[in-house]
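Engineer:
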Amino acid sequence: MSKQRRTFSAEDRYSIVQESIRSGPSEVSRKYSLSPSLLRRWKEKYLASGKDGLRDSYPRVDPQLRTLEEENERLKRIVAKQALELEVKSELLKKTPIGPRKR
Numbered sequence: 274m275s276k277q278r279r280t281f282s283a284e285d286r287y288s289i290v291q292e293s294i295r296s297g298p299s300e301v302s303r304k305y306s307l308s309p310s311l312l313r314r315w316k317e318k319y320l321a322s323g324k325d326g327l328r329d330s331y332p333r334v335d336p337q338l339r340t341l342e343e344e345n346e347r348l349k350r351i352v353a354k355q356a357l358e359l360e361v362k363s364e365l366l367k368k369t370p371i372g373p374r375k376r
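According to the numbering used here, the sequence shown is numbered sequentially starting from 274.
Below you can see the structure in the form of C-alpha cells.
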C-alpha cells in the first residue's frame with residue numbers, strides 16, 4: 274500500500290513552525306509525522322523571509338489551463354506545417370512553366 278503525498282498550505286506550515294519554536298522540533302515532528310530535516314528547512318525559510326518564505330515556490334497550474342496550452346501548441350505546430358507546405362508548393366509553381374510543352 275503506497276502512502277499518499279501530503280500537502281501543507283502556507284498557513285499550516287506557519288502554525289507548525291510556530292509550534293516547533295514553542296514546544297521543540299522533536300515533539301512536533303513526531304506529532305505531525307514530519308521529518309526533522311523538513312521541519313528545519315521550513316523554520317530556516319521562515320526565519321529568512323518571514324511568513325512569505327513558507328509559500329509554495331512554484332506556481333500551481335490549473336489542469337484545464339495546462340490542457341488548453343497543450344492543445345494550443347499542437348494547433349500552432351499544425352498551422353506551421355501547413356504554412357510550410359504552402360510555401361513549398363508556391364515555390365514549385367514558380368519554377369514550373371505554365372503553357373504548352375515543347376517536345
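Here a beta-carbon is modelled for each residue, glycine too, at the ideal position from N, C-alpha and C.
Please read these numbers as outputs of a predicted model, since none were measured by experiment.
#1: Of all the alpha helix (DSSP H) runs that stay within the bounds of the stretch 274-316, which reach a length of 4 or more residues?
#2: Determine the contact status of Leu327 and Arg295, defining contact as a CB-CB distance below 8 Å.
#3: In the DSSP assignment, the alpha helix (DSSP H) including Pro370 goes from what residue to what residue?
#4: Under the three-state reduction of DSSP, which class applies to Tyr331: helix, strand or coil?
#5: Which same chain residues, not among the five before or five after Pro298, have their C-beta less than 8 Å away from its C-beta?
#6: Note down, in chain order, each residue of its chain lying with its Cβ closer than 6 Å to the Cβ of Ala283, except the 5 sequence neighbours on either side.
#7: Determine the burial state of Ser293: buried for a count of at least 16 other Cβ atoms within 10 Å of its Cβ, exposed for fewer.
#8: Candidates Ser306, Ile351 and Lys324: which alpha carbon is nearest Ser288's?
Structural biologist: Let me spell this out:
#1: 283-296 and 298-304
#2: no
#3: Where Pro370 is concerned, there is no enclosing alpha helix (DSSP H), given that its DSSP letter is neither H nor E.
#4: Residue state, collapsed to three classes: coil.
#5: Within the same chain, Pro309, Leu312, Arg313 and Lys316 come within 8 Å of Pro298 by CB-CB distance, once the 5 residues on both sides are set aside.
#6: Leu327 and Arg328
#7: buried
#8: Lys324
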